[in-house]
RNA sequence: CGGGGCGUAGCUCAGCCCGGUAGAGCACUGCGUUUGGGACGCAGAAGUCGUCGGUUCAAAUCCGGCCGCCCCGACCA
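Numbering (our numbering), first residue to last: 1251 to 1842.
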C-alpha cells in the first residue's frame, strides 16, 4: 500500500474526544473515527488489524471443532419474547418496527437464534456435540459508552455456542474455550487472566471472564499470584477471621453523642472498626407480583457490602440504596441503626457470615446518639438470612491459602458461560436421546469483543510516539520509507517495494514527497513494527536501513538481499510471539 | 439517571467575564525554495460561532429551553 493514497490521516494533535490511551492512539494513527457516542468507523488500517484478529479467532475456533456461520443482526421480537429476555432487558436493547408494524430488535447476542436453528437442525443425540460461531455485529444501547473502543454501543463480537446432550459435554467444550481464549490472547501479545464471574442473567452456574489487566480497566478483580485464585470482585470470596475474644461481654447501652459513622464510633469507644457492626439499607425489587421491601444488611464495620451477593441472598431482582424515609419507616435511625428494635415484618435482615462469628460488637441502638457495646449474634440480635455478603478488599485473605489478595482493574475481553438448558427449554430446542426421550440441548456461550481486543493491544503497545503493534495484529508488517525524490533513491525504493509485494510481505510504502521528519513521525504513529529506510545516505552505505520501529540499532541491508532480511525479521517477530503460547494457563492447570 | 466540563474553519484552540469588523497555529490550494526526526517565504480558499427562542438599536458574547460530545458515579444480558 502506498501511503500517498491511503485513506486515513494521522493526527498531529491529540484528539479531544476521549482520555484513554488506546482511543487517542488509534485516532492519531488514523485507525478509527468517532461518528457518535459509542459508534466508530474503522479506517483501512484498523480494518486490516481487525481482520487479522478475526482470522486468529477463526483459527482457534476451528481448532476446537467450531463451524463458522452467520446469523442476522435484526431479529423478530418473538424469539426474545420466547426466551423471556424481551421482558428482562430494559433500554439496553434497541427495539423498532418494520413497515408492517412488526416488532424487531437489534441483536445484543445470539443465543435465541442459535436455539431457533437447533429446532430445525438438531433432532438426535447422534448430531451432538456441535459448536457454531460467527463474527457479527452486536448493538447494545449502553447507558454510558466510554474510553474509545473499550465500551461502545455497536461492535463486532466473535460469539460461539456449544451444543451438547449433557453437562459433561458442555464441560468439555467449556474447557476447550477456556484454553483457546488464552491462546488467542497470547497470539495477540496480551495476557488474559481468567477470573470467576457472575453468570448473571445469562443463567447457569459457571462463568469466567477473560480480563486484560490494566489500571484503566472498568472491572475490579482480585487475584492471588501464588494460588492463581482470580475472581471478579462481584463474586470474590475470601477467608474471614473473627477478632479473638475470650468470653461474651454483657450488652451495654452507651451514650455516643454525634458518632454517626463507624469510624467515629470505633474511635470514640477506643476500638477497631473490626469490633463494630455496620448497617447498610437497600430497597429490593422482587418482580411485579411482590411489593418492594427494605433489605437491611449487616457487615463487620471494616468491610463493605457486596451488593450482588446481597441481591442473591434475598433473591431480589434488583437492589437500590434506600432513602432515609424508607429506613426510618421500619424503625431504624440512620447512623445508629441495628437489627435490634427493627420492624421485622417490613424488612429482610441479612447478616454477613462473619457476624455470627464475631463477639462483642458495637452496634446501633436505633436511637440518636446511642449504641450498644458487647452485642453478640444469637443472644442480642438475629438475622433472617446469614450469607457471605461482604465485599472482598485489597489484601483480603485468599480463600485457598490466606495470603493477601491483590486488587487490580481489568478490561473484559472475553467471557464464557455455561448456559445449561435455560434457552433450549424456553425455545424448544430439543433432541431425542438414546432412549428416544426428548431432552433440551445443553448450551454454552462464549464471546470475544474484536474491537475491544484491538483496543487492549493498542493500550499495551503504545508509547509517546505512537503504537508499536505486535506483528500478528499490525495492519502491515513493515513500513518502507523513501527519503528524497532524487532519481536513484526513488528508483531503489520503488524497486524494493515491488520486490516486497512480490514476496507477499505486507508493506506500507511511504512514497509521499514530505519532509523526513514527517515520514518518521508518521511511521512511529502508524503502529507498524518494522521499518526500512531508503535514502541517499543508506545507498551510500550499501543498501537500505532496517530495524525495529524507533530502534537505534539499525543495520544496513544490501538491496539484493533486502527481501530475505526483512522476511527473516518478520519470522523472528512471529517466533517471539509464539513463545507466549508456551506455559499458558489451561483449564487443567487452573486452581480457582 | 445524578454530578462536572465542553460545543467557534478539517484538527487543536483563543475570543465570551466587560455586547458593536470572527481570530491563531496546524492541515488544505497555487508558486518558489527545502529534504535524515513534525521545513521556509509569498499568495489564497475555508466558519449560519451546536440549535431554538428571549433581552437589546446591536448577541459568538447576556438569559432560558433543547440537542450533542467528554469525564466521574449509577448501570452494564
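We put the CB at the ideal spot given by N, CA and C, even for glycine.
>> Per the DSSP calculation, residue 1751 is bridged to which residue(s)?
In response: Position 501 of the first chain, counted from the first residue, corresponds to residue 1751. Partner(s): none; residue 1751 has no beta bridge.
> Three or more C-beta pairs closer than 8 Å, one from the segment 1817-1832 and one from the segment 1763-1770: is that the case here?
Replying inline: no
> Taking C-alpha atoms, which residue in 1790, 1780 and 1817 lies nearest to residue 1802?
Replying inline: Here residue 1802 refers to the residue found at position 552 when the first chain is read from its first residue. When only C-alpha atoms are compared, the closest one is 1780.
>> Can you find the residues in the same chain that come closer than 6 Å, C-beta to C-beta, to residue 1593, ignoring five residues on each side of it along the sequence?
In response: Taking the first chain and counting its residues from 1, one reaches residue 1593 at position 343. For residue 1593, where only same-chain residues beyond five positions count, the Cβ hits under 6 Å are 1580 and 1581.
>> Give me the DSSP bridge partner(s) of residue 1442.
In response: By one-based count along the first chain, residue 1442 stands at place 192. According to DSSP, residue 1442 bridges with 1462.
>> Quick test of your reading: residue 1529 and residue 1587, contact by CB under 8 Å. State the CB separation rounded to the nearest angstrom.
In response: Within the first chain, the letter at position 279 stands for residue 1529. Within the first chain, the letter at position 337 stands for residue 1587. Between residue 1587 and residue 1529 the Cβ distance is about 4 Å, and since that is below 8 Å, they are a contact.
>> Helix, strand or coil for residue 1360? Go by DSSP, reduced to three states.
In response: As a working mapping, residue 1360 is identified with position 110 in the first chain. Residue state, collapsed to three classes: coil.
> Could you give the C-beta distance for residue 1333 and residue 1353, rounded to a whole number, given that I count them as a contact under 8 Å?
Replying inline: Here residue 1333 refers to the residue found at position 83 of the first chain. Here residue 1353 refers to the residue found at position 103 of the first chain. Wrong, their Cβ atoms sit about 14 Å apart, outside the cutoff.
>> Check for me: the alpha helix (DSSP H) holding residue 1387 runs from which residue to which?
In response: Along the first chain, read from residue 1 onward, the residue named residue 1387 stands at position 137. It is not in any alpha helix (DSSP H) - residue 1387 instead sits in the beta strand (DSSP E) that spans 1380-1389.
> Would residue 1432 be called buried (16 or more neighbouring beta carbons within 10 Å of its own) or exposed?
Replying inline: The residue given as residue 1432 occupies position 182 in the first chain. Answer is buried; the Cβ neighbour count reaches 16.
>> Count Cβ pairs between the segment 1559-1578 and the segment 1519-1534 that sit closer than 8 Å; are there 3 or more?
In response: yes
> Considering only the beta carbon of each residue, do residue 1844 and residue 1369 sit closer than 8 Å?
Replying inline: Residue 1844 lies beyond the range of the chain shown here (1251 to 1842); nothing can be said about it.
>> Here's a check: name, in chain order, each residue in its chain whose Cβ is nearer than 8 Å to the Cβ of residue 1635, leaving out the five neighbours to either side.
In response: By 1-based counting over the first chain, the position of residue 1635 is 385. Only 1563, 1564, 1598, 1599, 1600 and 1601 meet the Cβ criterion.
>> Beta-carbon within less than 7 Å of residue 1783's beta-carbon, same chain only, minus the 5 sequence neighbours each way: which residues are those?
In response: As a first step, residue 1783 is located in the first chain; it is residue number 533 there, counting from the start. Once the five neighbours on either side are set aside, the close Cβ partners of residue 1783 are 1731, 1733, 1794 and 1795.
>> Just list the residues that DSSP pairs residue 1681 with in beta bridges.
In response: Walking along the first chain from the start, residue 1681 turns up at place 431. BP columns for residue 1681 point to 1689.
> Beta carbon of residue 1487, beta carbon of residue 1649: below 8 Å?
Replying inline: In the first chain, residue 1487 corresponds to position 237, counting from 1. In the first chain, residue 1649 corresponds to position 399, counting from 1. Yes, they are a contact pair.
>> Buried or exposed, going by whether 16 or more other CB atoms sit within 10 Å of the CB of residue 1508?
In response: For this step, residue 1508 is matched to residue 258 along the first chain. With fewer than 16 other Cβ atoms within 10 Å, it is exposed.
> What do you reckon, are the CB atoms on residue 1324 and residue 1356 nearer than 8 Å?
Replying inline: Sequence index remark: in the first chain, residue 1324 carries index 74 (1-based). Sequence index remark: in the first chain, residue 1356 carries index 106 (1-based). For residue 1324 and residue 1356, yes; Cβs fall inside 8 Å.
> In or out: residue 1758 buried (at least 16 other Cβ within 10 Å) or exposed?
Replying inline: Position 508 of the first chain, counted from the start, is the residue given in the question as residue 1758. Its Cβ being crowded by 16 or more others within 10 Å, residue 1758 is buried.
> Terminal residues of the continuous beta strand (DSSP E) containing residue 1547?
Replying inline: Counting from one through the first chain, the residue named residue 1547 turns up at place 297. Note, residue 1547: beta strand (DSSP E), 1543-1550.
>> Using only the alpha-carbon positions, how far apart do residue 1843 and residue 1489 sit?
In response: Nothing about residue 1843 can be reported from this structure: the residues present for the chain run from 1251 to 1842 only.
> Applying the criterion that 16 or more other CB atoms from any shown protein chain within 10 Å of the CB defines a buried residue, is residue 1320 buried or exposed?
Replying inline: Numbered from 1 along the first chain, position 70 holds the residue referred to as residue 1320. The residue is exposed, with fewer than 16 neighbouring Cβ atoms inside 10 Å.
>> Applying the 10 Å Cβ sphere with the 16-neighbour rule, what's the burial state of residue 1499?
In response: Indexing the first chain from 1 puts residue 1499 at position 249. Exposed, because fewer than 16 other Cβ atoms sit within 10 Å of the Cβ of residue 1499.
> For the putative contact between residue 1480 and residue 1444, defined by C-beta atoms under 8 Å, what is the C-beta separation to the nearest angstrom?
Replying inline: In the first chain, the residue the question calls residue 1480 occupies position 230. In the first chain, the residue the question calls residue 1444 occupies position 194. At roughly 7 Å, the Cβ-Cβ gap stays under 8 Å, so residue 1480 and residue 1444 are in contact.
>> Taking the alpha carbon of residue 1305 as the reference point, which residue from 1294, 1293 and 1318 has its own alpha carbon closest?
In response: Within the first chain, numbered from 1, the residue matching residue 1305 stands at position 55. That would be 1318, whose Cα lies nearest to the Cα of residue 1305.
> At what residues does the alpha helix (DSSP H) containing residue 1553 begin and finish?
Replying inline: Within the first chain, the letter at position 303 stands for residue 1553. It is not in any alpha helix (DSSP H) - residue 1553 carries neither H nor E in the DSSP assignment.
>> In the DSSP output, which residue or residues are listed as bridge partners for residue 1782?
In response: Position 532 of the first chain holds residue 1782. Beta-bridge pairing links residue 1782 to 1730 and 1796.
> Can you name the start and end residues of the beta strand (DSSP E) that residue 1612 belongs to?
Replying inline: Here residue 1612 corresponds to residue number 362 of the first chain, with the count starting at 1. Taken as a continuous stretch (DSSP letters only), the beta strand (DSSP E) holding residue 1612 covers 1611-1617.
>> Could you compute how far the alpha carbon of residue 1543 sits from the alpha carbon of residue 1568?
In response: For the purposes of this step, residue 1543 is identified with residue 293 of the first chain, where counting begins at 1. For the purposes of this step, residue 1568 is identified with residue 318 of the first chain, where counting begins at 1. Near 11 Å, if we compare the C-alpha coordinates of residue 1568 and residue 1543.
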